[in-house]
DNA sequence: AATGAATGAGTTTTCATTCAT
DNA sequence: CATGAATGAAAACTCATTCAT
């Protein structure tokens, strides 16, 4: 299995790299093949069509995120929230993080036109908002957060952080007062939205130093059944 | 010139329609030609390359927005801000508004890979944030807004509204508690961010009923220089 | 029109040549493009798919035959029948004739698998048998043929001549007693089937010397509407 | 050997089935592999190339026919001739019979382009015509047939029956007066060609009820030498 | 200004074949 | 014997762009 999984993983890594180098619109099977040092034919051996491959990649991307989010579930709510915000904009391994968002942004532009991709984007939205909502609920139970409408707040936070991230990526290096777009917006949303929500005496850990979710390079094994379906019996 | 302008306008309208029907990645010159009932050759007569055409279209899109924003500059700040928010998510002519955002979203995915497009996206960001910042300054001067960091607040509002809009478009009909994503987020941002910013006794006009920017169909003439110059630096 | 028709004609001639050089199974669009000194793209400009092109070609082939058959309709029945038989196996321009049959044979192998091709083959069968049946009826009316079952006889003659022709083509130069397969069979079918059908004193003209249908190279104009449907308006 | 033969037989059966389902032009090794529930690799283990496999299949097809024909050699000539005709068009197990002819028809279209296939088609022609010729000679010796040119008559009969069969297969369900093409033509050829050839008082057994050649399912062992030798001269 | 015809470079996909196991 | 993984070569088809008119 380790060998099989490795091929699938190499392909996923290839999509990842190719996607951020070329963008969705200019992404060719050849680009992906080059990015993982395999042949185009092999990609088609594992995934019937380009779309199948990209859909599998989206699934992979989201599943990876889910596992990372789940991995921090035992920490206090304030730390988890700080980690979530940090993941959007303060990761020291900026490059790696940015690539995740670029990949998602690129595929996102296909949402309005491709049902299969849209259904994955919807899943990713449920995962994002669900994660934040769960953190908020935990905080309210713990007494560290004032009671607020959890769904609305989650929607606001995700929209804001995602919007900031998207703008930063697409505009590249557009700074506000010498800081990145995402950092500026994240700080402001903490000041204006999150701090007022915290119970008296509670403080959000510094998003600059909080440990971001999972260690970055934990291998996420790809279940062959999920996305490998060569044509032969 | 009226005739020239009309052809250019028809082409721009064609790009607009083709872009939301096919998306950037699958947009062909033929799609655009079909959408404006012209021949591919004619598009190439006016714009040397497909990229030239799309860049001209982005310029057109942003200029149109600028004029609309400028047109409301004589209204009070609270009304202007309500109108800006409404433009993102409460326009009764939902379809038309959505198309603007789809068009922008599609081209945005090219930002990281295309300098010419990115420079236009940067301009559009300056226009968006600049408009909000100017409204905030006006409100502070008028005394209807408490003094806040104008740049930060503008960045936050634009990121939030844009993020919500983007998610709504790409996810299509993902609702939060029976409302659209954008509406939910807009209401929440008003509650948590804008209302606390208003001076005592001041109220934001209802975003559901405020008049949204400019009349939608004012013709925006397209300067020939913008579209004929072939490659730019 | 002459110019348009010329392009369509050149393409048809290219299919004709490519088909006999490569056979249906190994026929590529490139083969056809080479055979008419055009680009593959041009073929796709005029015909959306390879299948469309081949279907158009079959239509062209059958229509051409129909016109040739119709052209001899004023001759006496015995002469027409002799000409029909000669067309199958005694044409002095053997090469040209053989190509028609090779083309038909190749496409025929697709009959059981392709509805559109099969419907054309059915049309060609109606034309072949109809032509013979009409000749027989004319002969019976003229009194040169004994009354026979016209449909059955036409079916027999077409099956026999076609079967002989097919075998000759696929076996290549399989001779019976130093004559070609088709010649042998044609002579035998004249002796055993046709001669007994002739009225007393009537003789079938010599199939070796009778004039075969139409002059071979009359241009058959191809109605653009029938088979040209580029995508542009 | 029984096990070896069984694998080879399964493969031959696979070619048979795949050929009639997909046709020669669209026949892939994968189709054949699927049709015999084996892997592509196994096919290549037994036959170096696709062409080798198809040539072996043709050999198999013809050998099978030969054995069937030989098996009836002790019956009277009229019965053998009726059985031969019946085999073309009156077999109660119509489906099975039709598949033989489809398979042959499909490979036949390659005759003009492939020497190895053509040589097998020539062999099949010799077998067919030889069988009929031998029957005719036997009949003449027995005194049931009038003396006729045996070669010519055999050529005529084979061409006619084959031509009818081919048309029926490629046109599918083209009937003449409510009967199948082959039946109509077979009846007519009996009336016009065979009956006049019979000695006075002799009658051809009813082709509808005569026993057709061999029992259909006798296993035909495949000589290993035939299929293992790779390319032949 | 406008178009239809034409093309070259490239795209996804297919497929016979090979190879390691 | 038998298979799954892998690949190179080629297939149909696409598309931005050019050109003659």
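Residue numbers (our numbering), protein chains in the order written: chain P, 7 to 239; chain C, 7 to 239; chain W, 7 to 239; chain F, 7 to 239. Here a beta-carbon is modelled for each residue, glycine too, at the ideal position from N, C-alpha and C.
When secondary structure is reduced to three states using DSSP, residue 159 of chain P falls in the helix class.
Scanning F/210, F/207, F/214 for the CA closest to the CA of residue 189 of chain F turns up F/214.
The beta carbon of residue 135 of chain W lies closer than 7 angstroms to those of 160, 161, 164 in the same chain, with the five residues before and after it left out.
A straight line joining the alpha-carbon of residue 12 of chain W with that of residue 54 of chain W spans about 19 angstroms. CA-CA distance, residue 37 of chain C to residue 51 of chain W, rounds to 16 angstroms. Beyond the five residues adjoining it in sequence on each side, residue 61 of chain W comes within less than 7 angstroms, by CB distance, of 122, 123, 126 in the same chain, given in chain order. For residue 83 of chain F, the CB contacts under 6 angstroms within the same chain, skipping 5 residues up- and downstream, are 141, 144, 145, 148, 150 in chain order. Note that the C-beta distance between residue 115 of chain C and residue 115 of chain P is below 7 angstroms.
A distance of 7 angstroms or more separates the beta carbons of residue 89 of chain F and residue 191 of chain F. Here the alpha carbon of residue 194 of chain F sits roughly 55 angstroms from the alpha carbon of residue 47 of chain P. Contact note: residue 117 of chain F reaches chain W through 175, 176, 177, 178, using a C-beta cutoff of 8 angstroms and chain order. In this chain, the alpha helix (DSSP H) harbouring residue 148 of chain C covers 121-148. Here residue 210 of chain W carries a coil assignment [DSSP, helix/strand/coil]. Under a criterion of Cβ atoms nearer than 7 angstroms, no residue of chain P is adjacent to residue 58 of chain C; the nearest Cβ is some 17 angstroms distant. With a 10 Å radius around the Cβ and a threshold of 16 neighbouring Cβ atoms, residue 20 of chain W comes out buried. Residue-level contact check: residue 166 of chain F touches chain W, since one or more beta carbons of chain W fall below 7 angstroms from its beta carbon.
The beta-carbon of residue 126 of chain C is placed no less than 7 angstroms from the nearest beta-carbon of chain P.
Listed in chain order, the alpha helix (DSSP H) elements of length 4 or more contained wholly in the stretch 51-117 of chain C are 56-77, 83-95, 100-114. Secondary structure of residue 185 of chain W (DSSP, three-state): strand.
Among the CB atoms of chain F, one or more fall inside 7 angstroms of the CB of residue 191 of chain W. The beta carbon of residue 169 of chain C falls within 7 angstroms of a beta carbon belonging to chain P, placing the residue at that interface. In this structure, the beta-carbon distance from residue 109 of chain C to residue 22 of chain C falls below 7 angstroms. Annotated three-state conformation of residue 204 of chain F is strand, per DSSP. The shortest CA-to-CA distance from residue 176 of chain C to any of C/107, C/203, C/166 is the one to C/107. Residue-level contact by beta carbon holds for residue 162 of chain C and chain P, with a gap shorter than 7 angstroms. Neighbourhood of residue 111 of chain F in chain W, by CB distance below 7 angstroms: 115, in chain order. Chain order gives no chain P residues near residue 137 of chain C, where near means a beta carbon separation below 7 angstroms; the closest approach is about 15 angstroms. The beta carbons of residue 29 of chain F and residue 168 of chain W sit no closer together than 7 angstroms.
Interface with chain P (7 angstroms Cβ-Cβ cutoff): residue 30 of chain C is included. Counting along the chain, no alpha helix (DSSP H) covers residue 32 of chain W, and no H or E run does either. Within chain P, 118 have C-beta atoms less than 8 angstroms from the C-beta of residue 108 of chain C, given in sequence order. Setting aside the 5 residues that flank it on each side, residue 75 of chain W is surrounded in the same chain by 137, each with a C-beta closer than 6 angstroms to its C-beta; the list follows chain order. Contacts with chain P at 7 angstroms (Cβ-Cβ) do not include residue 70 of chain C. Within chain F, no residue has its CB atom less than 8 angstroms from the CB of residue 122 of chain W, the nearest being about 13 angstroms off.
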